[in-house]
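UniProt numbering puts the first residue of the sequence shown at 1, with every later residue one more than the last.
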Amino acid sequence: MKLLYFISLLFFLCIHGQSYTTQWYNMDNGLPQNSIKDIVKDKYGFIWLSMEGRVLRYDGSNFVEYKNFKLKNLSFGDFFGNIQKDSIHVFNTSEKDIVLISRRKPNIISSGPMFNSKSSTDNKIYKQLFKNNFTVRYVPSIYSFFICLNAGSYYFENNTVIYVDQKNKNRITIDLKLPHSRLRRLFAHGDYAFIADVEHKKVLQLYHGKYSYINAPSVYTDPETKIYWQQITGQVFMISHGKIYRSEFSGGKLELTYLLEYKDIDKDISGAMFYDEVTRKLYIGSSINGLKILSLSDFSVSRKNLPYQDEVCYAAVPYGDHSVLTQEGIVYSSGSSERIYTAPQSYDKRYILEDDTGNLVYRENNSIHIRYKNTGFTKYDSVSFKGKEINGLYKSAGLYMASFISRMQSYLYIYKQDQFSKIERIIPCKDKIEAVVRYNKDLLYIGSSGGIFVYSFARNKVIKLIGKGLPVKQIIRTKDGNVWFTTYNRGIYLIKDHKAVRLPSDKNAFLANAHYLLEDRNSNLWISSDNGLFQVSKNTLLQYMKAPKGAITYYRYTKKQGLLNNEFNGSANPCAHKLNDGQFVFPSMEGFVFFNPDRIKAYYPVAHDLYLERARIKGKMIQLKDKLFLECGYKNAEVYIDIPYYSDLENIYLQAKLSDNKDSQWVNVKSDKTFRLTNIEPGTYNLIVRFLSSGTGKFIYKTIPVEVEAYFYQTLFFKILIAVIVIFIILMIIQIRTNFLRLKNKVLKNTIDHKDKQLLETHNKLKSESDYQKKLIESISHDITTPVKFIALLSQELNQSEDLKTQKKYFDSIYKTSEQLYKFTLSLKEYTELYKQESTDDDEYSFYDLIETKRLLFEEIAARKNTFIYNFCDHQLKTRLNKNILLAVFHNIIDNAVKNTSDGEITITSTSAESHIEIIIKDTGSGMSDEQMIYYTGLFKKKENEHMTFKNYGLGLHMVVQLMMKINSEMTFHQNTPKGTLIKILIKI
């Protein structure tokens, strides 16, 4: 028997450390304080933490704090009670008040005799034990420590053990001398109590008032072993040199189950531990460091752990039944690695294969290396290639192949068996070759950056292109004969009827850059990607491809489930393996990931694990019963979705929607598990929440009614009342309008007589306007007279002159004046209709250009009188005023200046301000009289509709005055210094 326990001890010493991941919560990321007294899980799946001044509920994502208890002492201690009966209790430090945790929330209850953990009789203090941990103190001032089991209770007085039967209350004194100090090694399984005897290397067993000594693995009696026992959960842990074991009692024997090795357990634990068998998580509570959650993982990541070398892994070949071998000579197994031959660190890890005799064949630089198995892979030969670049190595269904790139052209070389110096066939390919798979005896699938080329050996040519334009990464054929291929950032495709059909992506589109897939014996596909490892049912995918209904749900494994790095590698051949022992192997950025797909569990909540019973409205937390009622005027409300789920929340596709019709959209619920309602119209709705309950895509739904109260003005009665009032107002408006029209008819009759008088006056004004039009025609004739008279005068002098140079000068003057006169006559039609035209144009004109047109017309006439005309207007000064009106104004003013100026000059300048543009025309001629200046300046002060009386000062300026009024501008007249006239034209902007 001793030999058996010795062998058992050796077994535990040889166990490799279980892979796990760690979550750490403290005051920096979710906990209100770092001190945790006890941990327990209720029957609904929620984790409860006992702390100073509060208790916390944990659901896998969030902590809910309960602290508003009306107690004088809020320092809570250990949990006790019955989990299955939904009755969990916790004392405060004084052990006078109790908080009962039931139906997922805590409440204060009165402390009766049955709850007392301390009692006092004959001045003796008795202390009940609910838990045994590192911090329990067995002080001499306490007369007796006792434990209550189902069948009875044990009282451990100093050096005395008394058993009290629960049924008949018999009191039995057990003949044992047991000091309080030995109670540190006390624990219980059901009705069996045990005390490890370190001195005698045995375990004391107490059962129904009788005792015996039993043998147990030496871990129990090792003085370095720490024992943790919690009665409410029935869990017992043995902690020895950083290794954590779980104690169980079965068939009369104590047995240990190894959980994991955690070197810092002595530093972190202070008396709170709980192991969740369902999710395989170990919760460790500390009095100073908060909560640590150790999640056991069935994923094992193997690394080489060599100095100054990265852990990036790509291609490998199976080596034995449970390992893979890389070209660097390193054998990777689950949780370990070993170098079997010496080789330099490879810079080309993407291609490796085994030939028919087990030799390693891989690419290194621009050659193929062959390491011989019969030499232990220590010797190798190389086949080098010149003039072309080797790209990849492939082996498929007995074919040995290599892809090359030469002058922007790709080629696939097919060799004679495994002799890489003998080429049987060369297949050209216009795109870079990435993967090659032999489909059958005749067909070869060549994956490239432009799709999959189907090559026929019988026809010796490519007969089809599948997935044109798709950058192929890997081609995989599953055991059912289906061919799948992954792409660079374009997703996964299934070849169906010689066409590429894309698989639906995951909700985060991580599978857009999938690498490789393997099929397990349960027809599940395991897909590696740049961001996690995905699992999906192959049959579900194929069924969806036939009839696309619903949505495809993928289960994603990440660092939370034990991976060291979420990024896998796939641009290699081969990049995944099925080992003979059933393990799958995928290369990643941090080692090879080993796992047995049959042992990897996908966690889903069950149907009753979702609760909609808490909401926050106007900053106040309320408990929901049958529905959520929102009063009128609320701004926002938060409904908390309580679901105890301790894995990655994204894998259950937790969604919610507020529905009053079938078109409502599902909203993904974030990690805070909160659905927010903002500015909802009054009415009755249903809040529907759903989550994935299995890998088959089945959703569980839960609904709670939501009623939004309406303001009085949003009710049906108010709307009817408003409609009646509106109809009444309309009728009143009609009545008032009718009366108004009657009155207006009377006013119109009186107005007709008044209008007759006005028409008569208008007739008289029209007659005057006709007279003005006649005067205007005379003015136009007057404007033409000057250049025509000038041309006649030059013609006469030309006839009298016999000098050729003088004649040429006259001819040139006649030509220029005639040309400008011709241009002027072209616009006479617009000139006569100036008063009918709009005051503005659509196009923009330069003042300089308008002035220049008139300067050219009068240039020769002025030159005849030894007068020069200068145009110094700003080239950038532009306007949208009517072009013809401005030309008429400039024509008349420059004409008058030319007529009255001899042996002088006419200067035209411009300035601009924020409110107007000023054009200044000044000459050195005879000038105007003061009476004329006063008269023309006064014309701008008359009312717009007042009839203008012409004086014998000329029609030209009168027309200019009216045109300036039309464009809402004015002119002023001044004496020029030393002589002549200065006219300022003020054009408003």
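From the three backbone atoms N, C-alpha and C, an ideal C-beta is built for every residue, glycine too.
- In terms of Cβ geometry, residue 434 and residue 472 form a close pair [threshold 7 Å].
- Cβ contact annotation for residue 610 (same chain, cutoff 6 Å, sequence separation greater than five): 643 and 702, in chain order.
- Around the CB of residue 208, fewer than 16 other CB atoms lie within 10 Å, so the residue is classed as exposed.
- As a beta-bridge residue in DSSP terms, residue 381 pairs with 370.
- For residue 177, the secondary structure class from DSSP, reduced to helix, strand or coil, is coil.
- A check of alpha carbon separations from residue 139 across 182, 305 and 219 identifies 182 as the nearest.
- Contact check for residue 346 and residue 367: beta-carbon distance about 13 Å, past the 8 Å limit, so the pair fails to qualify.
- Here residue 568 really is in contact with residue 529; their C-beta atoms are around 6 Å apart, less than 8 Å.
- With 16 or more neighbouring CB atoms inside 10 Å of its own CB, residue 575 falls in the buried class.
- Counting along the chain, the unbroken alpha helix (DSSP H) around residue 934 starts and ends at 930-939.
- Taking residue 512 as reference, the option from 527, 746 and 906 with the minimal CA-CA separation is 527.
- With a beta-carbon spacing of about 5 Å, residue 187 and residue 236 fall inside the 8 Å limit used to define contacts.
- Between the alpha carbons of residue 583 and residue 160 lies a distance of about 56 Å.
- As the crow flies, the alpha-carbon of residue 163 is around 23 Å from that of residue 227.
- Shortest Cα-Cα distance from residue 987 to any of 557, 251, 745 and 839 involves 839.
- Under the three-state reduction of DSSP, residue 911 is assigned to strand.
- Following the DSSP letters along the chain, one finds residue 89 in no alpha helix (DSSP H) but inside the beta strand (DSSP E) bounded by residues 87-92.
- It is roughly 11 Å from the alpha-carbon of residue 439 to the alpha-carbon of residue 457.
- Under the criterion of beta carbons closer than 8 Å, residue 971 and residue 985 qualify as touching, at roughly 5 Å.
- A direct Cα-Cα distance of roughly 37 Å separates residue 373 from residue 461.
- DSSP lists 144 and 160 as the beta-bridge partner residues of residue 157.
- Burial state of residue 281 is buried, judged by a 10 Å Cβ sphere holding 16 or more other Cβ atoms.
- In its chain, beyond the 5 residues on either side, 564, 591 and 593 have a beta carbon closer than 6 Å to the beta carbon of residue 301.
- Within the DSSP secondary-structure output, residue 890 pairs in no beta bridge.
- In this structure, the CA atom of residue 360 is about 14 Å from the CA atom of residue 320.
- In terms of Cβ geometry, residue 467 and residue 451 form a close pair [threshold 7 Å].
- At a Cβ-Cβ threshold of 7 Å, residue 910 and residue 873 count as neighbours.
- Under the three-pair Cβ rule at 8 Å, the stretch 184-198 counts as touching the stretch 137-151.
- Scanning its chain for C-beta atoms nearer than 8 Å, with the 5 sequence neighbours on each side dropped, one finds around residue 674 the residues 638, 639, 640 and 641, in chain order.
- Residue 877 places its beta carbon less than 7 Å from that of residue 912.
- Going by DSSP, residue 277 is part of no beta strand (DSSP E) at all; its letter is neither H nor E.
- Going by C-alpha positions, residue 672 is about 40 Å away from residue 475.
- Contact annotation: the stretch 964-984 touches the stretch 923-930, with at least three C-beta pairs closer than 8 Å.
- With respect to the C-alpha of residue 103, the residue from 46, 537 and 864 having the closest C-alpha is 46.
- Nearest in C-alpha terms to residue 908, of all of 689, 981 and 428, is 981.
- According to the DSSP assignment, residue 641 belongs to no alpha helix (DSSP H) but to the beta strand (DSSP E) extending over 636-642.
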